[in-house]
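The structure appears below as structure tokens.
Below, the structure is given as structure tokens:
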């Protein structure tokens, strides 16, 4: 029997609520000094996406919503604070408006907006509600983070790859000579797409058919190469086979190298795409759906 599951998104809103925020009610989970657009891909905090347009701050956060759990207002247990380039704080707290579900599990998606925003160098702070469970989780997270940071720092010091810069040459062979190359790319192609990949990234796996097609797209003269950090190269080879990945990869092996590689490349999340021209000049750096928008401008595949 064929089973059809209907997925309905729970849509909520963020509001600027500085007058109702009490510092003692919140635990600072992590912060970023960055520029917008900002995308987080943490396992310890729901995905957050923030961008600026003119003097408006917009974005979204997504969190699970359980239809069978009494504690189903999880979306309200998070807070995002953005300190803009002028030093003004934008307090953004999700509010639950409606409910949707897929079997027993739903998705709460909260959109947000704040005005009078000054773009530039910003600070993004992610908070969770101050309760006993979160305090214990935060303590464990900070201990693990200290260990990971030490390992990432050591791995980062050993990497020779550097972050791409718009309008500058990023020599793929020179930059990736430290890794193990699996497969071959067409070095004469008009476009080279470099994908930062992670086995644990659902959006990366979802993009595999599209990246396979791009790598074989003679009409647009495109070649694709993936970059990945793994603690088991043989395991990643098995992953490529099981996932039907046909485009080439450069693999870096080590316990902390996945995070170190992401930092070395100056990026915040997976998947990220670098678009290079035939001279390997960086034409664009795109995260997630931004890459799809570039493809639409390129034309039908």
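Residue numbers (the numbering used here): 152 to 452. Ideal placement from N, C-alpha and C gives every residue a C-beta, glycine not left out.
Pull the bridge partners of residue i from the DSSP assignment, please.
{"i": "residue 278", "result": "179, 230"}
{"i": "residue 211", "result": "200, 262"}
{"i": "residue 427", "result": "343, 433"}
{"i": "residue 307", "result": "According to DSSP, which records beta bridges pairwise, residue 307 is partnered with nothing at all."}
{"i": "residue 408", "result": "Residue 408 pairs with nothing; no bridge assigned."}
{"i": "residue 191", "result": "199"}
{"i": "residue 313", "result": "The partner list for residue 313 (beta bridge, DSSP) is empty, contrary to what the question assumes."}
{"i": "residue 172", "result": "According to DSSP, which records beta bridges pairwise, residue 172 is partnered with nothing at all."}
{"i": "residue 333", "result": "400"}
{"i": "residue 185", "result": "273"}
{"i": "residue 240", "result": "234"}
{"i": "residue 438", "result": "423"}
Going by CA-CA distance only, name the one from the options that's closest to residue i.
{"i": "residue 403", "options": "342, 355, 387", "result": "387"}
{"i": "residue 367", "options": "399, 184, 392", "result": "399"}
{"i": "residue 237", "options": "195, 319, 206, 228", "result": "206"}
{"i": "residue 438", "options": "281, 180, 189", "result": "189"}
{"i": "residue 208", "options": "431, 391, 266", "result": "266"}
{"i": "residue 203", "options": "261, 270, 282", "result": "270"}
{"i": "residue 440", "options": "358, 299, 282, 284", "result": "358"}
{"i": "residue 289", "options": "412, 395, 184, 195", "result": "195"}
{"i": "residue 184", "options": "228, 227, 232, 177", "result": "232"}
{"i": "residue 180", "options": "244, 242, 281", "result": "281"}
{"i": "residue 411", "options": "305, 372, 383, 430", "result": "305"}
{"i": "residue 372", "options": "296, 323, 428", "result": "428"}
{"i": "residue 261", "options": "230, 294, 239, 330", "result": "230"}
{"i": "residue 329", "options": "405, 431, 287, 385", "result": "405"}
{"i": "residue 322", "options": "301, 417, 334, 431", "result": "431"}
{"i": "residue 283", "options": "326, 336, 176", "result": "176"}
Is it the case that the Cβ atoms of residue i and residue j are separated by a distance below 8 angstroms?
{"i": "residue 332", "j": "residue 375", "result": "no"}
{"i": "residue 210", "j": "residue 263", "result": "yes"}
{"i": "residue 201", "j": "residue 187", "result": "yes"}
{"i": "residue 234", "j": "residue 199", "result": "no"}
{"i": "residue 407", "j": "residue 320", "result": "no"}
{"i": "residue 365", "j": "residue 344", "result": "yes"}
{"i": "residue 433", "j": "residue 317", "result": "yes"}
{"i": "residue 313", "j": "residue 415", "result": "yes"}
{"i": "residue 213", "j": "residue 197", "result": "yes"}
{"i": "residue 178", "j": "residue 299", "result": "no"}
{"i": "residue 390", "j": "residue 447", "result": "no"}
{"i": "residue 315", "j": "residue 436", "result": "yes"}
Does any C-beta atom of chain E lie closer than 8 angstroms to the C-beta of residue i?
{"i": "residue 386", "result": "Protein chains in the displayed structure number just one, and chain E is not present."}
Does the contact criterion of 3 or more C-beta pairs under 8 angstroms hold for the segment 373 to 382 versus the segment 271 to 290? For the pair of segments examined, the segment 373 to 382 was found not to touch the segment 271 to 290: the number of CB pairs separated by less than 8 angstroms stays below three.
At a cut of 8 angstroms, does the segment 306 to 314 reach the segment 333 to 343 through at least three beta carbon pairs? With the cut-off at 8 angstroms, the segment 306 to 314 and the segment 333 to 343 do not touch.
Mind listing, in chain order, the continuous beta strand (DSSP E) runs of no fewer than 3 residues lying wholly within the segment 338 to 393? Within the segment 338 to 393, the complete beta strand (DSSP E) runs of at least 3 residues are 342 to 348, 373 to 381.
May I ask you to verify whether the segment 347 to 364 touches the segment 411 to 421, counting CB pairs closer than 8 angstroms and requiring at least 3? Verdict: yes, contact present.
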